[in-house]
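For the protein sequence lines, the chains are A and B, in the order given. Using the working numbering, the first residue of the first sequence is number 1, and each one after it goes up by one. Using the working numbering, the first residue of the second sequence is number 1001, and each one after it goes up by one. What follows is one structure encoded as structure tokens, with my remarks underneath.
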Amino acid sequence: MRVRQLQLSDFRSYAHAQVLFDDGPSILVGPNGHGKTNLVEALVYLANLRSHRVASDAPLVRQGCEQAVIRAEIVHDSRRLLAELAIVPGKSNKARLNKTPLARPREIIGALKAVAFAPEDLALVRGEPSARRRYLDELLCARFPRYAGVRADYERVLKQRNTLLRTAYLAKKTGGRGPGGAEMATLDAWDAHLARHGAELLAGRLALLDDLAEPVAKAHAKIADGRSEVTLAYESELGDGLAADQDLLAARLGAALAGARAKEVERGTTLVGPHRDDLDLQLGSLPVRGYASHGETWSVALALRLGAFELLRADGAAPILILDDVFAELDATRRERLAEYAEAAPQTLITCAVAGDVPERLTGARYDVWEGEIKRVL
Amino acid sequence: MYDGALGDLIEELGQLPGIGPKSAQRLAFHLLASDSADVERLTSALERVKAQVRFCENCGNVTEAEQCGICRDPRRTETLICVVEEPKDVLAVERTGEFRGRYHVLGGAINPLEGIGPDDLRIRQLMVRLQKGETKELILATDPNTEGEATATYLAMLVKPMGFKVTRLASGLPVGGDLEYADEVTLGRAFSGRRDVD
């Protein structure tokens, strides 16, 4: 998969931008704050419907504008696909594929597959569990777009259930009139749906982890010279060693919800389910978090992204590889290893402040980005 | 912006569902240009709808009598009750011409985010109806979205232990459509709900 052309309107600092990309590595060079990351961010957003830098959509739209538009011409198996996405903060986004409007913007997921590695990815290792859950879910949706729907259904049920629990909690706290007996009885109905959608998402994540463990370990061995092996394990309230059997998971999730009911009413929120789970990362026999050095942390974060890249490639559609401001953060050995991946990918987009940070072997197109102007120089 | 009566009309029309500011303006100017007789017919229709239309005491459907036409119709059977969210859903099922039972209109679906619980829906009235002993089967035809599904599950949990047969409308592929145009959720459900070919 490759991006042939990217057009932006009112996205971040760009009123208008248009870039043509070749196969192989392309290097975007420019000082910080001049707009190079904004270009690759648009592609990440198109692939995942979420930026790799910010959680909300508002900063993506140029100041004073109502919407931002990302338009990309994608080539896959010698077919051309025009993917268009209008980001409208506070309202629902609009997506079109080959000029045909899509009923839901999430249907555009899968049109462009991209794996991005950026300094923010240190949070994959050091940050909150939500970063790792998002990593798993975004990869799951990129491989099987129907999971975007599963995730949306789960989140909707969770929101409704949490609202009910919260109303009960607040009423109890303030002594006001809370949900009546009949209303609290609807919790059983919400439990059934939370368990069903949750089990589907959980089964998806577990099956993904089975496929992902090996490519991540391999990528890590290559980057870190195979000193200690990295292992991935799924961490859930339901216990260890879960199998990706949806019916079984639904039953266990249902039982866990029933068991946690009293505590949930007391706390006013849902305490079991895939929204509370984590991806456990181990290096050798030690957890990465808290034990790994700065360099080791980078290696594991990089291995997670490159493992995802290899998995998508093995599925039959090699994604575009985006390396956003990362060469400057890595030592010489890791730079060289990353450059090997970047060379082998069908298309790699690299951003950096100083061209010298990128290993010399990575030759390809070069663009200078200066005050929002993009000029191809090589 | 327009002042006075015209401005008021545009503002009122703009409150209606599906009517944006542009449409409200177009409608208002259309009314302004219409014959007085036409406008009078419209205003009287508006007045009558509020004065005369009420909800069927049995099923909650719209009616001008105490009971709606379907509940009064002796050819319709109380053995089968189809539970829907809104009166307009009754119309949708009626268009099939297949259903010979009666309806029960809930007046919405369970939705904690909007503060709607079972006590805000006509569920108690449904229980009273079921206790009369004529009904054998309850068909749950709430919308196939998160809230409609939860409402159906809640009703099933409530009614099944009482010994009634409870069914849910199937969801799947639209008839006459193309497989390639079905969205992934619909197609996924159609797969899990597949059946043997006779």
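Even glycine gets a Cβ: it sits at the ideal position worked out from N, Cα and C.
The alpha helix (DSSP H) that contains residue i, what's its start and end?
{"i": "V300(A)", "result": "H294 to D315"}
{"i": "R196(A)", "result": "G181 to I223"}
{"i": "F1191(B)", "result": "E1184 to S1192"}
{"i": "P1021(B)", "result": "P1021 to A1033"}
{"i": "L338(A)", "result": "A332 to A344"}
By Cβ distance below 6 Å, which residues in the same chain neighbour residue i in space, the five residues on each side in sequence not counted?
{"i": "L283(A)", "result": "S228, V230 and A292"}
{"i": "V369(A)", "result": "L28, G30, H34, G35 and K36"}
{"i": "G204(A)", "result": "L140 and Y147"}
{"i": "P274(A)", "result": "G198, L201 and L202"}
{"i": "R305(A)", "result": "V115 and F117"}
Would you mind reading off the limits of the beta strand (DSSP E) that contains residue i?
{"i": "Q63(A)", "result": "Per DSSP, Q63(A) belongs to no beta strand (DSSP E) and is neither H nor E."}
{"i": "T351(A)", "result": "Q347 to C352"}
{"i": "I322(A)", "result": "I320 to D324"}
{"i": "S26(A)", "result": "G24 to V29"}
{"i": "T231(A)", "result": "V230 to E235"}
{"i": "V1166(B)", "result": "K1165 to R1168"}
{"i": "R53(A)", "result": "No beta strand (DSSP E) contains R53(A), which DSSP labels as neither H nor E."}
{"i": "D1008(B)", "result": "Careful: D1008(B) lies outside any beta strand (DSSP E), inside the alpha helix (DSSP H) at G1004 to G1014."}
{"i": "I87(A)", "result": "R79 to I87"}
{"i": "R104(A)", "result": "Unbroken run through R104(A): none, as it is neither H nor E."}
{"i": "R366(A)", "result": "A365 to W370"}
{"i": "H34(A)", "result": "That residue, H34(A), is in no beta strand (DSSP E); it is neither H nor E in DSSP."}
{"i": "E373(A)", "result": "E373 to R376"}
{"i": "L6(A)", "result": "R2 to F11"}
{"i": "V19(A)", "result": "Y14 to L20"}
Under the rule that 16 or more other beta-carbon atoms within 10 Å means buried, what is residue i, buried or exposed?
{"i": "Q18(A)", "result": "exposed"}
{"i": "N32(A)", "result": "exposed"}
{"i": "P1074(B)", "result": "exposed"}
{"i": "Y341(A)", "result": "buried"}
{"i": "A63(A)", "result": "This sequence places Gln at residue 63(A); Ala is not what is there. With fewer than 16 other Cβ atoms within 10 Å, it is exposed."}
{"i": "V358(A)", "result": "buried"}
{"i": "A83(A)", "result": "buried"}
{"i": "F1191(B)", "result": "exposed"}
{"i": "Q347(A)", "result": "buried"}
{"i": "L1042(B)", "result": "exposed"}
{"i": "V1159(B)", "result": "buried"}
{"i": "T186(A)", "result": "buried"}
{"i": "V61(A)", "result": "buried"}
{"i": "S299(A)", "result": "buried"}
{"i": "Q1015(B)", "result": "exposed"}
{"i": "S26(A)", "result": "buried"}
{"i": "R337(A)", "result": "buried"}
{"i": "T1167(B)", "result": "exposed"}
{"i": "N1145(B)", "result": "exposed"}
Please return the same chain residues whose Cβ sits closer than 8 Å to the Cβ of residue i, not counting the five positions on each side in sequence.
{"i": "I1110(B)", "result": "I1116, G1117, P1118, L1121, E1147, A1150, T1151 and Y1154"}
{"i": "G1108(B)", "result": "E1085, E1086, I1116, D1120 and L1121"}
{"i": "R166(A)", "result": "G268 and T269"}
{"i": "F21(A)", "result": "R2, V3, R4, Q5, L6, Q347, L349 and A365"}
{"i": "V54(A)", "result": "L60"}
{"i": "L1179(B)", "result": "L1173 and L1187"}
Cutting at 7 Å between CB atoms, please list the residues of its own chain near residue i, excluding the five before and the five after it.
{"i": "T351(A)", "result": "L28, K36, T37, V40, D324 and D325"}
{"i": "D23(A)", "result": "R2, P346 and Q347"}
{"i": "D1143(B)", "result": "E1085 and A1109"}
{"i": "L378(A)", "result": "A365 and R366"}
{"i": "V1039(B)", "result": "L1031"}
Task: Members of the stretch 1003 to 1026 of chain B that neighbour chain A once the beta carbon cut-off is set at 9 Å - done: none
TODO: May I ask you to list, following chain order, the residues of the stretch 145 to 175 of chain A that have a beta carbon less than 7 Å from some beta carbon of chain B?
DONE: P145, R146, G149, D153, R156, V157, K159, Q160, T163, L164 and T167
Task: Interface residues of the stretch 102 to 129 of chain A facing chain B [CB-CB below 8 Å] - done: A103, R104 and E107
- [ ] Enumerate, from N- to C-terminal direction, the unbroken alpha helix (DSSP H) stretches of 4 or more residues contained entirely within the stretch 242 to 303 of chain A.
- [x] 246 to 267 and 288 to 291
Task: Interface residues of the stretch 1118 to 1141 of chain B facing chain A [CB-CB below 7 Å] - done: P1118 and D1119
TODO: Give, in chain order, every residue of the stretch 1054 to 1079 of chain B whose Cβ lies closer than 8 Å to some Cβ of chain A.
DONE: none
Task: Whole alpha helix (DSSP H) elements within the stretch 1097 to 1145 of chain B, 4-residue minimum - done: 1123 to 1130
TODO: Kindly provide the ranges of any beta strand (DSSP E) runs that are 3 or more residues long and lie completely inside the stretch 110 to 185 of chain A, ordered along the chain.
DONE: 114 to 117
Task: Where the stretch 28 to 57 of chain A meets chain B: residues whose CB sits under 7 Å from a CB there - done: none
Open item on the list: Counting only Cβ-Cβ distances shorter than 8 Å, please list the residues of the stretch 1094 to 1114 of chain B near chain A, keeping chain order.
Closed with: I1110, N1111, P1112 and L1113
Task: Segments of 3+ residues assigned as beta strand (DSSP E) that fall wholly inside the stretch 1044 to 1103 of chain B - done: 1077 to 1084
Open item on the list: At a CB distance below 7 Å, what residues from the stretch 1181 to 1198 of chain B approach chain A? Give them in sequence order.
Closed with: D1183, E1184, V1185 and G1188
Task: Residues from the stretch 1149 to 1181 of chain B in contact with chain A, defined by Cβ distance under 7 Å - done: E1149, A1150, T1153, Y1154 and M1157
Task: Contact set between the stretch 1034 to 1054 of chain B and chain A, restricted to residues whose Cβ is under 7 Å from the partner - done: none
Task: Contact set between the stretch 184 to 200 of chain A and chain B, restricted to residues whose Cβ is under 8 Å from the partner - done: A185, T186, D188, A189, W190, A192 and H193
Task: chain B contacts from the stretch 206 to 221 of chain A (Cβ-Cβ distance under 8 Å) - done: none
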